[in-house]
Amino acid sequence: MTRSLLFVGVALAIACLAAAFGLDGYSWPVLVLLLFGLLWVIALFLRWDWFSAIGLFTVYGFTAAGFWLHLSTPLLLAASLAGLCAWDLTALAQRLRRAAKDDDLAGLERKHLARLALVSVAGLALCLGALYLPARLSFGWALLLVLVGVWGAGRVVNWLVRSG
Amino acid sequence: MPRPFLTGLLALALVLSGLLTLHPAFLALALPLLAYLLAGLWRAPQAPAIEASRRLQVTRLPADTDVKIELTVTNIGPDLEEALIEDILPPGLTVVDGSAAHLVSLASGQSAAWTYTLRGKRGYYVLKEVRLTAREHFGLVAAQQVCPTDDQLFILPPVMRLRRVVIAPRRTRVYSGTIPARQGGAGVEFFGVREYQLGDSPRRINWRLTARHPSSTYTNQFEQERVADVGIILDGRKHTNEFASGRSLFEHAVLATAALADSLLAAGNRVGLLFFGENATWTTPGYGKLQRERILHDLAHATPGDVLAFSELIIPKHLFPPHSQLVLVSPLDAEDIEPLTEVRARGYNLLVVSPDPVGFELAGLPQRASVSLAGRVVKMQRQILLGKLRHVGIQVVEWDISQPFVQAARRGLESPPAWLRAISDRGRRA
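Below you can see the structure in the form of structure tokens.
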């Protein structure tokens, strides 16, 4: 099931991005995305698990570019979430490969997918809230947020690096 | 790159670019990533604690035989959402059925048990740890615990049955066995005649000789058969056993040693083993099945090393007095002539079983004219070496390892060579 969903995730991410760019008449990003999608699928078949990280960065890079170019927001959000899910499912598939045949893999997959769905919905809700709920910030608040954001993210990354 | 670092980095890049460009969409785009990251960190596993117990179906088994392992793991720590439990196997063991690693979800106090089947090469293996890697469902944060165990597995070398190994040491022990003792008494083989003594069985009277010399009565004597002290020396030197591209003759030498030890012990002899590799290690001489097990046990341990030379070979006289039988299992080296001649000169009967290193090495080389020519030269050198050993009275049995050892043993060990028979007869006459 994980592997099927993984292919669906990759296809959805690439298709949504390509559609978003294509609908606004950008033809070369569509071509690049389709070629990249093909490469990603080949990487899945060859079990190049490391490629999913490149996939995640590429999808988010194109999504950010799409937002910058004011492309279709629903398509871009769908693409980013599908890319995140594909990256996550690649890691899950990698872990499941080390399991024995008689392990309760279906149960583990079910729990994982339930949590992933929950987090995706929560992430989407937060994202939509941030995009569509009006909020005005003065320069001082913005600067404070920048500093707090940098400090917080730095702490998180530092903690993660230390915890290995 | 660790996954949480990757997620954090991407989220940080989006947040920073959003704040710097004042583009809210970038900030919004970072939120699902942060939600994912926080969900993973929130459910990060605490320090896991497990207890593992392993039950081996057998702890001593012959090579290429399956052994079932039953592993039970109990979670004595917090709940584990996703736990990869691996029974860490040393190199040389392979799983033939089931799996040594399992991915499970273990609640606190819950146990998981499974069985798998192993097979391995000859050796001594210590199964010393069970490793647990606990992760939350997203696999962002991992916590590991290694649970020490101390199970041991001896995979013994295969033992081929030899019908008999003929040896004729000049020194035998007092117990009856199968080795001709060069002394008259109860036995099977005719030894000589002597004058009749009171108590001799009338069945043994040599009537023909008595008729020829009527002044006295003569009795037939038979050769006593006794057990002997046999020291088997296994050559474990790397430079004589190991060849290009990792090919080794050592397993063949071990196989021959096991077969010889089994046969000599079955004949009632007192057998000891000297493994001559990185160190010289003795299995003190002994009799019977227990000694057979001891020798196989020590052979399971044996791995080639390269520190000692045969010139350092010291045979302890209290274990093997001169005129005992020594059996050397070695591919031999040109430098071995001198130390082996010295051993022979000290009075030991020496039998050398030599797996052929030339044929073995040639089998692994490309078939070229130059290789074939070099092979012929080396073969001649080896024949000269073996000839020199035979010349000093050492019995040499060459074993072409492309054939089973039983065949080489049948040819060279089941009946003594003519020169050894001649020596034995001379000894008997003396």
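Chains as they are written, first to last, in the working numbering: chain A, 1 to 164; chain B, 1001 to 1430. Backbone N, C-alpha and C fix where the C-beta goes; we use that ideal spot for every residue, glycine too.
Can you confirm whether residue i, when its beta carbon is compared against all beta carbons of chain A, has any partner nearer than 7 Å?
i, result
"B:H1318", "no"
"B:F1360", "no"
"B:L1106", "no"
"B:L1127", "no"
"B:H1301", "no"
"B:S1111", "no"
"B:L1093", "no"
"B:L1006", "yes"
"B:F1276", "no"
"B:L1080", "no"
"B:A1143", "no"
"B:P1169", "no"
When we look at the beta-carbon of residue i and count the other beta-carbons within 10 Å, is it buried (16 or more) or exposed?
i, result
"B:A1011", "buried"
"A:Y60", "buried"
"B:E1225", "buried"
"B:H1239", "exposed"
"B:R1212", "exposed"
"B:L1061", "buried"
"A:D102", "exposed"
"B:E1081", "buried"
"A:F45", "exposed"
"B:A1030", "buried"
"B:E1195", "exposed"
"B:A1430", "Here B:A1430 scores only 43 on pLDDT, less than 50, and its place in the model is too uncertain to base an answer on."
"B:S1244", "Correcting the residue identity first, residue 1244 of chain B is Ala in this sequence and not Ser. Per the 10 Å Cβ criterion, exposed."
"B:V1159", "buried"
"B:G1427", "Note that B:G1427 scores 49 on pLDDT, short of 50, meaning its location in the model is unreliable and no value can be drawn from it."
"B:A1409", "buried"
"B:R1292", "buried"
"B:W1399", "buried"
"A:G9", "buried"
Quick check: is the beta carbon of residue i nearer than 7 Å to any beta carbon in chain B?
i, result
"A:L131", "yes"
"A:Y26", "no"
"A:A15", "no"
"A:A33", "Per the sequence shown, residue 33 of chain A should be read as Leu rather than Ala. Output row for A:L33: interface = no."
"A:D49", "no"
"A:L46", "no"
"A:A174", "The first residue shown for chain A is 1 and the last is 164, placing residue 174 of chain A beyond what the model contains."
"A:R110", "no"
"A:G179", "An answer regarding residue 179 of chain A cannot be provided, because it is not within the stretch 1 to 164 covered by chain A."
"A:F139", "no"
"A:F7", "no"
"A:V119", "yes"
"A:F67", "yes"
"A:A43", "no"
"A:R95", "yes"
"A:V30", "no"
"A:L75", "no"
Using only CA atoms, which one of the options lies nearest to residue i?
i, options, result
"B:G1412", "B:P1157, B:V1166, B:S1108, B:T1065", "B:V1166"
"B:P1157", "B:V1130, B:E1136, B:A1044, B:G1123", "B:G1123"
"B:P1090", "B:D1066, B:K1128, B:T1303, B:R1237", "B:K1128"
"B:W1042", "B:H1391, B:W1399, B:E1312, B:A1142", "B:A1142"
"B:V1015", "A:L147, A:L39, A:L84", "A:L147"
"A:L75", "A:L23, A:F139, A:G140", "A:L23"
"A:W40", "A:L31, A:Q94, A:F51, A:V30", "A:F51"
"B:R1131", "B:D1151, B:L1084, B:R1164, B:M1160", "B:L1084"
"B:T1219", "B:V1230, B:D1229, B:W1207, B:A1228", "B:W1207"
"B:G1040", "B:E1051, B:E1136, B:S1099", "B:E1136"
"A:G154", "B:I1076, B:L1009, B:V1058, B:T1283", "B:L1009"
"A:L35", "A:T58, A:L144, A:R47", "A:T58"
Exercise. List in chain order: all unbroken alpha helix (DSSP H) runs of 4+ residues lying wholly within the stretch 1326-1350 of chain B.
Key: Those alpha helix (DSSP H) runs which fall completely within the stretch 1326-1350 of chain B and span 4+ residues are 1337-1345.
Practice problem: Please determine if the stretch 1386-1405 of chain B and the stretch 1350-1357 of chain B are in contact, where contact requires at least 3 C-beta pairs separated by less than 8 Å. | Solution: Verdict: yes, contact present.
Practice problem: Please specify which runs of the alpha helix (DSSP H), each continuous and at least 4 residues long, are wholly inside the stretch 1002-1040 of chain B, giving them in chain order. | Solution: Complete alpha helix (DSSP H) runs here, min 4: 1003-1021.
Quiz item: Does the count of Cβ pairs from the stretch 1096-1109 of chain B and the stretch 1011-1025 of chain B closer than 8 Å reach three?
Solution: Remark: fewer than three beta-carbon pairs, one from each stretch, lie closer than 8 Å, so the stretch 1096-1109 of chain B and the stretch 1011-1025 of chain B are not flagged as touching.
Self-check item: the stretch 1300-1307 of chain B contacting the stretch 1320-1334 of chain B, beta-carbon criterion three pairs below 8 Å
Solution: Under the three-pair Cβ rule at 8 Å, the stretch 1300-1307 of chain B does not count as touching the stretch 1320-1334 of chain B.
Quiz item: Would you call the stretch 63-82 of chain A and the stretch 10-18 of chain A in contact, with 3 or more CB pairs under 8 Å?
Solution: Judged by Cβ distances under 8 Å, the stretch 63-82 of chain A makes contact with the stretch 10-18 of chain A, as three or more pairs qualify.
Practice problem: Entirely within the stretch 1252-1289 of chain B and at least 3 residues each: give me those beta strand (DSSP E) ranges in chain order. | Solution: If we require 3 residues or more, the beta strand (DSSP E) runs fully inside the stretch 1252-1289 of chain B come out as 1270-1276, 1280-1286.
Quiz item: Given 8 Å as the limit, is there contact between the stretch 1045-1059 of chain B and the stretch 89-100 of chain A, that is, 3 or more CB pairs closer than that?
Solution: Judged by pairs of C-beta atoms under 8 Å, the stretch 1045-1059 of chain B does not touch the stretch 89-100 of chain A, as fewer than three such pairs exist.
Quiz item: Three or more C-beta pairs closer than 8 Å, one from the stretch 107-122 of chain A and one from the stretch 73-91 of chain A: is that the case here?
Solution: Per the Cβ contact rule, the stretch 107-122 of chain A is in contact with the stretch 73-91 of chain A (3 or more Cβ pairs under 8 Å).
Practice problem: Just list the alpha helix (DSSP H) runs in the stretch 61-87 of chain A, keeping only unbroken ones of 4 residues or longer that don't cross its boundaries, in chain order. | Solution: Runs found: none.
Quiz item: At a cut of 8 Å, does the stretch 1251-1270 of chain B reach the stretch 1338-1347 of chain B through at least three beta carbon pairs?
Solution: No, the stretch 1251-1270 of chain B is not in contact with the stretch 1338-1347 of chain B.
Practice problem: Would you mind listing the beta strand (DSSP E) stretches within the stretch 1364-1403 of chain B that are 3+ residues and don't spill past its ends, in chain order? | Solution: 1395-1399, all fully within the stretch 1364-1403 of chain B.
Quiz item: Can you list the alpha helix (DSSP H) stretches of 4 or more residues lying completely in the stretch 1040-1068 of chain B, in chain order?
Solution: The DSSP assignment places no complete run of the alpha helix (DSSP H) inside the stretch 1040-1068 of chain B (cut-off: 4 residues).
Practice problem: Would you mind listing the beta strand (DSSP E) stretches within the stretch 1060-1130 of chain B that are 3+ residues and don't spill past its ends, in chain order? | Solution: Runs of the beta strand (DSSP E) inside the stretch 1060-1130 of chain B: 1060-1062, 1067-1075, 1080-1088, 1093-1097, 1101-1106, 1111-1120.
Quiz item: Okay, do the stretch 1270-1283 of chain B and the stretch 1308-1316 of chain B touch, 3+ Cβ pairs below 8 Å being the bar?
Solution: The stretch 1270-1283 of chain B vs the stretch 1308-1316 of chain B: in contact.
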